[in-house]
Amino acid sequence: MAEVQAEVEQTLGELGFDAVAFFPTAAAENIGIAELRSHLLQLAERPRPQQQRFRLALDRAFTVKGAGLVVTGTALSGEVRSGIPCGLPASTRRCASAACMPRIKRLSRRTPGSALR
Numbered sequence: 001m002a003e004v005q006a007e008v009e010q011t012l013g014e015l016g017f018d019a020v021a022f023f024p025t026a027a028a029e030n031i032g033i034a035e036l037r038s039h040l041l042q043l044a045e046r047p048r049p050q051q052q053r054f055r056l057a058l059d060r061a062f063t064v065k066g067a068g069l070v071v072t073g074t075a076l077s078g079e080v081r082s083g084i085p086c087g088l089p090a091s092t093r094r095c096a097s098a099a100c101m102p103r104i105k106r107l108s109r110r111t112p113g114s115a116l117r
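If you count the sequence shown from 1, position 14 lands on 14 in UniProt numbering, and the numbers rise without skipping.
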């Protein structure tokens, strides 16, 4: 376990992730689960920065006739509002957020931690 952790720490350090918490777990034996749960709950309670560029972790992308490209995912940072110009990192094409909808309810903006479609 220590060897794997050292290798992961080295790799993450090379990518710029210096302070990474490790939680060795064994679900069948209930080892480390309480510590991991506690850490995840603390992360969920932290305020998320609003002044960063909007980033979305995509779950799905598909096209709808008459609407164009539709993406679903979770906002990781920043904020997006309906009609605000945005772009795709791997493309030179520009786009705009037409609507921000958490599951069913339509909203005019989304913030970090929000699931949206």
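Where is the CB? At the ideal position from N, CA and C, for every residue including glycine.
- The DSSP-derived three-state label of Ser77 is strand.
- Ranked by Cα distance from Thr72, the first of Phe62, Phe23, Gln51 and Val20 is Phe62.
- For the 7 Å CB-CB criterion, Ser77 and Ser97 do not form a contact.
- By the Cβ neighbour-count rule, Ala26 is exposed, with fewer than 16 other Cβ atoms within 10 Å of its own.
- For a cut-off of 8 Å, the C-beta gap from Phe23 to Leu15 is around 19 Å, too long to register as a contact.
- When rounded, the separation of the alpha-carbon atoms in Met1 and Arg46 is 29 Å.
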